[in-house]
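Asks: Structure provided below as structure tokens; questions to follow.
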Amino acid sequence: MRFSKKISRRYTYLLLILLLVFSLFNSLPTSANSTNPQPNVIPALREWIGNTGLFTLTPQSRICIDPNYETELLTRMTSFKDEIKLVNNDLDLSILTSNNPTDSDIYITLDCQDTNIGTEGYLMDIDNILTIKANTADGAFYGTRSLLQILVADNTKDSIPKGDIRDYPMYEERAFMIDVSRKYFTMDFLRDYVKLMSWFKMNDFHIHWADDWYDGYWAFRIESTTYPNITATDGSYTKQEVTALQDLGDIYGITITPEFDSPSHARPYTKIRPDLINTAKGDRYLDLHNPDTYTFMQSIYDEYIPLFRAPDFHIGCDEYDGGGEKYRQYYNTMADYVQNLGKNVRVWTGWHHESGTTVPDSDITIDVWEGGFDVNNYVNRGNKLINSSGDYLYIVPDTSWLPDLPVLYEQWEPHIFNRAKTNKLTPNHEKLLGAKLHIWLDGKRNIVSQQDCDKLIQPPLKILSEKLWGSKNSNTYEEFVNRTLEVGNAPGINLTPTEQLPPIDPNNLAYNKPVTASSTEDGTYFTPEKAVDRFSSSRWSSNHNDNEFIYVDLLDTYNINKVKLHWETAYGKKYKIQVSTDAINWIDVYSEVDSDGNEDIIDFSGVDARYVKMQGVERKTNWGYSLYDFCVYETIDQPVNLAVGKPFFVSGVEPATSFNGPLAVDGNKLTRWASDYDDNSWCYVDLGEITDISKVLIHWENAFGKKYKIQISDDATDWIDIYTENDSDGGLDTIPINQQGRYIKMQGIERATNWGYSIWEFEVYN
């Protein structure tokens, strides 16, 4: 027995030693698990082979350009050099023409034998020397965009993981359209967008130069030597500025594609040529039976086609109701003229709604914005198409025409043209050039600012960049947003910084809880769970019946006393809020008999409930019920915001907007006050009487105050400083006060951005 126990112990010790050795061996690095993972780039890289180690730039590093391609590359690489310094001020690299780079140098050449990457692809070999090869200067420049994004994400802003990149787009047309006609955007804004688009490898900047609106407004934005009176008086661009914009586009790989829409949207033309008005339809329509209409529009083309370098020229042609065969013929008549001047022609859909037989010639590219347009019919005829789907790719501020961002990233593909996904081509069809995002300012010129538009454009623009490049690399939109935060925006631009995901209301019991609805609008992706997600641009929509409903399961019983409904345009005029503990027996806790839509905040006596329902009674529109947000709140003692609805005084309002002072004290965090662009701007609230004050809350929009003071007064004349902020990071500032006063003031000292000060809500509590 003793012998066997001794042997047993020896075997046990031996086994333990072997296990320890095996464990240590497994923990050692190997060539397989130490290769560098794919770096984060947007759009994601198509191909990556990881190596080990890092390529590191130093102040002595150089950008070496292949002497054989100096003419094509020097100007672009000079911009690249400047951007590296913006990312890391210590890296002021020199540029030289040389085929003899050394360690830590960047070498750029167009001597590339890989024709399969096309004209916009590139190869990047990252070793002791970083080499970018491409077939064109555009491809090489896109390679520098990837390099810069990797640098931005690096903690020290100087290192890039070693490996090999082979990167190229799936679609040739990766576009964004901006409506500068119905809202003037500064040229600086347009120039910044050239750089932003290039940062995300978009390549076509479609600018809609002339249009009108139903309220009588019209604008033609470029100066004219042929018709001086046609140029807008509330903002315009010189031809020299337009040329300079194209010069910038040439450097950054962005084509500036112009559009001059007709024969509808024609008030810019009929205001100077009233003889061309279609008198039966009004001054938004040219008379297609008047020969002078054609010669007039041809004179517009004669003046502006030579101004633009883009191979394509967009002649519009949409929405001429009742035009019949004459309207259908207009497409080809004007396209022939433009083609004879050396341009390819693009048009919007529209003719197919009118009687007649003429269709656009097969050499015309069709911008398909209507979901019901038969795309397969026209590619079979030979037309090239651009997916400009109004269902997915339209932004109209202050309306429900906004992209559903999770759907756009997770479900949409460039070959899908409608919400029901029934109108589509085969993926990567040879006649499908790509897709385009749009922002239209229909009647919104004084309602939204450039910054508001920028905030709406950037998220879907980044999604499109990845979907069109063909390299979707995240499972969910939330994962994708976190990737965009890593790479940021292009260096040196004055646009909204990359935004975080929308905050989650921690008090909303309904967030991401199971939800049930009577229906989902036929042929749409407006499913019930979108009413309880974190995105205010996504929504549930029912079918078109009065008795539709939606309810949320809170998964436990709570005592609740408030529901918030954020309606889309199709809202409930009459409805009930009902509660239940079993989803079978419902109790009415509130009845609405005349809602005006937008946001309904519904308070009622506390009641125990697990299920909370909006039961429709009567719709306001012919559509169904449509909710952006359905929120439920537990009964708790809430402090009272003393500033709501009180008189609010401001130093000024952002020019050409309606972001007035009272919007900062209306209790609605979807509206805001915005000051003019002055560090010394201020605002204050009159509480009506001297009051004990415990704290002030400032809910900043992105244009926040980096430095400011909180002041208090009894008479609005003599102010006492009670708090000074020297380095705010925006968002929500909570400021303890513990003072008495009637007037509470935010006195600006220094803005965080080039915009003014912008406050969603200015709250005061006792």
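If you read the sequence shown in this note's numbering, its first letter stands for residue 65, the second for the next number, and so on.
Just so you know, even glycine gets a beta-carbon here, dropped at the ideal spot from N, CA and C.
By the three-class DSSP mapping on this structure, what secondary structure does residue 255 have?
Replies: DSSP places residue 255 in helix when its eight states are reduced to three.
Asks: Compare the C-alpha of residue 367 against each of 356, 324, 383, 192 and name the closest.
Replies: Ranking 356, 324, 383, 192 by Cα distance to residue 367 puts 324 first.
Asks: Under the rule that 16 or more other beta-carbon atoms within 10 Å means buried, what is residue 809, buried or exposed?
Replies: It is buried - the Cβ of residue 809 has at least 16 other Cβ atoms within 10 Å.
Asks: Quick check: the Cα distance between residue 332 and residue 299, rounded to an integer number of angstroms?
Replies: When rounded, the distance between both Cα atoms is 14 Å.
Asks: Mind checking which residues open and close the alpha helix (DSSP H) that includes residue 298?
Replies: First-last for residue 298: undefined, no H or E at that position.
Asks: Excluding the 5 residues preceding and the 5 following residue 718 in the sequence, name in chain order all residues of the same chain whose CB lies nearer than 7 Å to its CB.
Replies: So the qualifying residues of the chain are 513, 738, 739, 740, 820.
Asks: Is it the case that the Cβ atoms of residue 489 and residue 551 are separated by a distance below 9 Å?
Replies: Against a cut-off of 9 Å, the Cβ pair of residue 551 and residue 489 comes out as no contact.
Asks: State the DSSP-derived secondary structure class of residue 522, mapped to helix, strand or coil.
Replies: In this structure, residue 522 counts as helix in the three-state DSSP scheme.
Asks: Taking the beta carbon of residue 529 as the centre, do at least 16 other beta carbons fall within 10 Å, making it buried, or is it exposed?
Replies: Buried is the call here.
Asks: Tell me, please, which residues DSSP counts as bridged to residue 810.
Replies: According to DSSP, which records beta bridges pairwise, residue 810 is partnered with 747, 774.
Asks: Closest by CA to residue 193, which one among 128, 179, 202, 213?
Replies: Nearest C-alpha to residue 193: 128.
Asks: If I measure Cβ to Cβ from residue 544 and keep anything under 6 Å in the same chain, skipping five residues before and after, which residues do I get?
Replies: Around residue 544: 473, 538.
Asks: If I measure Cβ to Cβ from residue 571 and keep anything under 6 Å in the same chain, skipping five residues before and after, which residues do I get?
Replies: The answer, listed in chain order, is 697.
Asks: Hey, could you find the ends of the beta strand (DSSP E) residue 500 is sitting in?
Replies: Its beta strand (DSSP E) spans residues 496-503.
Asks: Quick one: give me the first and last residue of the beta strand (DSSP E) that residue 393 is part of.
Replies: From DSSP, residue 393 is part of no beta strand (DSSP E) but of the alpha helix (DSSP H) over 388-404.
Asks: Starting from residue 207, follow the alpha helix (DSSP H) in both directions and report where the run begins and ends.
Replies: From DSSP, the alpha helix (DSSP H) with residue 207 extends over 201-217.
Asks: Select from 181, 450, 702 the residue whose C-alpha is nearest the C-alpha of residue 239.
Replies: Nearest option by C-alpha distance: 450.
Asks: For residue 433 and residue 414, I'd like the C-alpha separation in whole angstroms.
Replies: Using only the alpha carbons, I get a separation of about 9 Å.
Asks: Contact defined as beta carbons within less than 8 Å: I believe residue 264 pairs with residue 526. What is the distance between those atoms, to the nearest angstrom?
Replies: So it is a contact: roughly 6 Å between Cβ atoms.
Asks: When we look at the beta-carbon of residue 380 and count the other beta-carbons within 10 Å, is it buried (16 or more) or exposed?
Replies: Its Cβ being crowded by 16 or more others within 10 Å, residue 380 is buried.
Asks: How many Å lie between residue 602 and residue 213 at the Cα?
Replies: Roughly 29 Å between the two C-alpha positions.
Asks: How far does the alpha helix (DSSP H) with residue 143 in it extend, from its first residue to its last?
Replies: Its alpha helix (DSSP H) spans residues 134-151.
Asks: Pull the bridge partners of residue 176 from the DSSP assignment, please.
Replies: Paired residue(s): none; residue 176 is not in a bridge.
Asks: So, is residue 461 buried or exposed, given that buried needs 16 or more other C-beta atoms within 10 angstroms?
Replies: Buried, because 16 or more other Cβ atoms sit within 10 Å of the Cβ of residue 461.
Asks: Among 751, 99, 224, which one has its Cα closest to the Cα of residue 827?
Replies: Nearest of 751, 99, 224 to residue 827, Cα basis: 751.
Asks: Grab me the residues of residue 342's own chain with a C-beta within less than 6 Å of its C-beta, minus the 5 sequence neighbours each way, in chain order.
Replies: If we look at residue 342 and ignore the five residues flanking it on each side, its Cβ neighbours are 349, 351.
Asks: Round the Cβ separation of residue 688 and residue 634 to the nearest angstrom and send it over; I've been treating them as touching at under 8 Å.
Replies: With 8 Å as the limit, residue 688 and residue 634 qualify as a contact, their Cβ atoms being about 6 Å apart.
Asks: Could you give the distance in angstroms between the alpha-carbon of residue 115 and the alpha-carbon of residue 553?
Replies: For residue 115 and residue 553, the distance between alpha carbons rounds to 27 Å.
Asks: Return yes when the Cβ of residue 503 is within less than 9 Å of the Cβ of residue 557, no when it is not.
Replies: Not closer than 9 Å, so no.
Asks: In three-state DSSP terms, what is residue 355?
Replies: Note: residue 355 maps to helix in three-state DSSP.
Asks: Using the Cα positions of residue 531 and residue 396, report the straight-line distance between them to the nearest angstrom.
Replies: So the alpha carbons of these two residues sit roughly 33 Å apart.
Asks: Bridge partners of residue 579, per DSSP?
Replies: 616.
Asks: If we ignore side chains and look at the alpha-carbon of each, how far apart do residue 87 and residue 99 end up?
Replies: Reliability of the predicted coordinates at residue 87 is poor, the pLDDT of 44 falling under 50, and no value is obtained from them.
Asks: When the Cβ atoms of the segment 165-173 are set against those of the segment 213-231, are three or more pairs found closer than 8 Å?
Replies: Short answer: they don't touch.
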